[in-house]
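Working notes, structure below.
Numbering (the working numbering), first residue to last: 2 to 86.
Listed below in structure tokens is the structure:
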């Protein structure tokens, strides 16, 4: 196996973990959407969005990929809202 193939195999494993975590997140998001509908609460919560983004950024070891992580989490937040609707 070349070094490139080894890196690609690492990426495959990381991608599988990401997919599993996203699936779990979206299952929880579905429950949150159900709860909000039962309680007549709005789906949109901008303060919560800020907290989610801050938690993600704060979990980084360094700022090298901060902008990229922000973009990914913007998409995760948007997708989560669409699941709740």
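Every residue, glycine too, gets a C-beta built ideally from N, C-alpha and C.
- Nearest in C-alpha terms to residue 85, of all of 22, 13, 32, is 32.
- No Cβ-Cβ contact shorter than 8 Å links residue 58 with residue 48.
- Setting aside the 5 residues that flank it on each side, residue 12 has no residue in the same chain whose C-beta is closer than 7 Å to its C-beta.
- Along the stretch 13-85, the alpha helix (DSSP H) occurs as fully enclosed runs of 4 or more residues at 47-59, 67-85, listed in sequence order.
- Taking a 10 Å sphere around the C-beta of residue 73, we find fewer than 16 other C-beta atoms and assign the residue as exposed.
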